[in-house]
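If you read the sequence shown in this note's numbering, its first letter stands for residue 100, the second for the next number, and so on. Glycine is no exception: its CB is placed at the ideal position from the N, C-alpha and C atoms. One structure is given here, and the rest of the page talks about it.
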Amino acid sequence: MMRIHGSESVSWGATLSALFLALAGFAYSPAAEAKLFTNAYISFEFPETWTCVLEQTEWVCRPSAPDQAQQAIIILTAKEVGPSDSLPSYEAHLKQPRQIQSRTGNLITSEVLNVGVNKLNDQPWVDGFHKSSEIPNYLTRYLATTKDNRIAVLITFSAHTLYYSKYAADFLRAIQSLRVIAPKAGAGGGAGGEGGMFGPGGGAGGLIDGDAPPEEGSGGTGGESFGDKTKMVLALAVLLAAIGAYLMLKKKKKKPTRR
């Protein structure tokens with residue numbers, strides 16, 4: 100079950116019901132064309148219109164179109180397992196709000212929307228969802244895991260609140276297709292294991308220019324608060340995650356009958 104944390108209690112029953120009905124057909128519709136990202140330790144599908152490049156020790160995937168490159172970003176990093184790398188440690192870390200600094204120097208505390216453990220293609224992942232944890236006014240979904248006690252993997256899916264619904268299906272497809280590859284000897288994913296996966300200095304904050312993306316004719320701004328529009332986007336994002344989890348569980352439970 101999805102758990103939403105926050106200081107404000109909002110009744111979204113009717114809104115969520117309408118969104119679920121609107122998205123039910125979408126969830127079962129055939130997926131658009133996608134490319135397969137694969138390296139020594141992980142593979143997943145990403146949109147044809149995106150590009151993935153290696154930047155230092157991180158793989159960065161984002162829309163190829165210049166006017167969309169600031170709207171959403173996927174960052175993949177891996178390292179050798181260290182003392183602080185475990186699923187309970189990741190879960191405890193993501194349950195705590197994170198603090199970042201805006202472009203103007205203001206200190207911003209993230210809003211923790213959801214944290215739990217999900218199994219994706221037989222691999223357990225700590226699954227966290229924050230607002231303003233990497234970049235102000237961006238929603239970020241965190242997926243972190245370890246494999247064979249040798250490699251630790253962290254993937255972040257970030258999009259501006261104005262555009263999260265636009266990229267939610269792309270994120271969901273990538274997440275549902277995630278597969279961790281058993282590491283070979285000497286195929287460590289990066290620097291050794293003393294530091295944790297969530298250390299300072301990395302993440303989308305250093306790869307997105309400013310607090311807001313190009314507006315693409317939306318008429319919105321990159322201000323600190325979006326009121327009801329933000330609430331609707333958050334509801335949509337959480338609902339998409341719930342639908343994805345339900346579909347994966349249903350697929351797993353459905354077994355072919357033998358005669």
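With distances taken between CB atoms, is the gap from alanine 282 to alanine 139 smaller than 8 angstroms? On the sequence shown, residue 282 is found 183 positions in, with the first residue counted as 1. On the sequence shown, residue 139 is found 40 positions in, with the first residue counted as 1. Note that residue 282 is proline in the sequence shown here, rather than alanine. It is a contact, given that the beta carbons lie within the stated cut-off.
Who pairs with proline 146 in a beta bridge, going by DSSP? Translated into the one-based positions of the sequence shown, residue 146 becomes position 47. Paired residue(s): Ala133.
With distance defined between alpha-carbon atoms, name the residue in His229, Thr156 and Cys151 nearest to asparagine 162. On the sequence shown, position 63 is the one that residue 162 refers to. The sequence shown places proline at residue 162, rather than the asparagine named in the question. With distances taken between Cα atoms, proline 162 lies closest to Cys151.
Straight-line CA distance for glycine 316 to leucine 153? Here residue 316 refers to the residue found at position 217 of the sequence shown. Here residue 153 refers to the residue found at position 54 of the sequence shown. Note that glycine 316 has pLDDT 46, beneath the 50 cutoff, so the model's placement of it is unreliable and no number is given.
Only counting the same chain, and skipping five residues up and downstream in sequence, which positions put a Cβ closer than 7 angstroms to that of alanine 191? Your numbering for residue 191 matches position 92 in the sequence shown. Answer for alanine 191: no residue qualifies.
Which stretch, first to last residue, makes up the alpha helix (DSSP H) that contains proline 187? As a first step, residue 187 must be located in the sequence shown, where it is residue number 88. Element bounds for proline 187: 186 to 193.
Can you name, in chain order, every residue of its own chain whose Cβ lies under 6 angstroms from the Cβ of isoleucine 173, other than the five neighbours on each side? The count along the sequence shown starts at 1 and reaches residue 173 at position 74. Apart from the 5 residues on each side of it in sequence, isoleucine 173 sits with its Cβ closer than 6 angstroms to the Cβ of Cys160 and Phe256 in its chain, given in chain order.
When you compare only the Cα positions, how much space is there between glutamine 275 and glutamate 144? Numbered from 1 along the sequence shown, position 176 holds the residue referred to as residue 275. Numbered from 1 along the sequence shown, position 45 holds the residue referred to as residue 144. Glutamate 144 has its alpha-carbon roughly 9 angstroms from the corresponding atom of glutamine 275.
Between glutamine 200 and the rest of its own chain, which residues show a CB-CB distance below 8 angstroms, the 5 nearest in sequence each way excluded? As a position in the sequence shown, residue 200 is number 101, starting the count at 1. Same-chain partners within the cutoff: Leu206 and Ile207.
Buried or exposed: which applies to alanine 177, given that a residue is buried once 16 or more other Cβ atoms fall within 10 Å of its Cβ? To locate residue 177, count along the sequence shown from 1; it is residue 78. The residue is buried, with at least 16 neighbouring Cβ atoms inside 10 Å.
What residue does the beta strand (DSSP E) around glutamine 222 start on, and which one ends it? As a working mapping, residue 222 is identified with position 123 in the sequence shown. Segment 222 to 230, the beta strand (DSSP E) holding glutamine 222.
Over what stretch of residues does the alpha helix (DSSP H) that includes leucine 271 continue unbroken? If you number the sequence shown from 1, residue 271 lands on position 172. For leucine 271, the enclosing alpha helix (DSSP H) stretches over residues 263 to 275.
Start and end of the beta strand (DSSP E) containing threonine 239? In the sequence shown, the residue the question calls residue 239 occupies position 140. Where threonine 239 is concerned, the enclosing beta strand (DSSP E) stretches over 237 to 246.
With serine 257 as the anchor, note down where its beta strand (DSSP E) starts and where it stops. In the sequence shown, counting from the first residue as 1, residue 257 sits at position 158. Per DSSP, serine 257 is one residue of the beta strand (DSSP E) stretching across 250 to 259.
Using alpha carbons as the reference points, say which of Ala268, Leu238 and Gly181 lies closest to arginine 197. As a first step, residue 197 is located in the sequence shown; it is residue number 98 there, counting from the start. Ranking Ala268, Leu238 and Gly181 by Cα distance to arginine 197 puts Leu238 first.
Pick from Gln169, Thr137 and Val279 that is closest to glutamine 222, judged by C-alpha positions: Within the sequence shown, the letter at position 123 stands for residue 222. By alpha-carbon distance to glutamine 222, the top candidate from Gln169, Thr137 and Val279 is Val279.
Pull up the distance between the alpha-carbon of tyrosine 263 and that of serine 183, whole angstroms please. Translated into the one-based positions of the sequence shown, residue 263 becomes position 164. Translated into the one-based positions of the sequence shown, residue 183 becomes position 84. Approximately 31 angstroms between the Cα atoms of the pair.
Are leucine 219 and leucine 135 closer than 8 angstroms when you measure CB to CB? Residue mapping note: residue 219 aligns to position 120 of the sequence shown, counting from 1. Residue mapping note: residue 135 aligns to position 36 of the sequence shown, counting from 1. Taking the C-beta atoms as reference points, leucine 135 is found no nearer than 8 angstroms to leucine 219.
Please report how far the alpha carbon of alanine 148 lies from the alpha carbon of valine 180, in whole angstroms. Against the sequence shown, residue 148 aligns to sequence position 49. Against the sequence shown, residue 180 aligns to sequence position 81. Here residue 148 is threonine; the residue named in the question, alanine, does not match the sequence. Distance between the alpha carbons of threonine 148 and valine 180 is about 33 angstroms.
Glycine 215 in three-state terms, based on DSSP: Sequence index remark: in the sequence shown, residue 215 carries index 116 (1-based). Strand at glycine 215.
Looking only at its chain, what residues have a beta carbon closer than 6 angstroms to the beta carbon of alanine 251, apart from the 5 residues adjacent to it on each side? As a working mapping, residue 251 is identified with position 152 in the sequence shown. Excluding positions up to five away in sequence, the list reads Lys178, Val180, Asp184, Thr245 and Met296.
Helix, strand or coil at valine 180 according to DSSP, with G and I counted as helix: Indexing the sequence shown from 1 puts residue 180 at position 81. Here valine 180 sits in coil by DSSP.
With distances taken Cα to Cα, identify the nearest neighbour of serine 188 among Trp158, Leu212 and Asp226. For the purposes of this step, residue 188 is taken as residue 89 along the sequence shown, with counting starting at 1. Taking only the C-alpha atoms, the option nearest serine 188 is Asp226.
In terms of residue numbering, what span does the beta strand (DSSP E) encompassing glutamate 157 cover? Counted from its first residue, the sequence shown places residue 157 at position 58. Start and end: 157 to 162.
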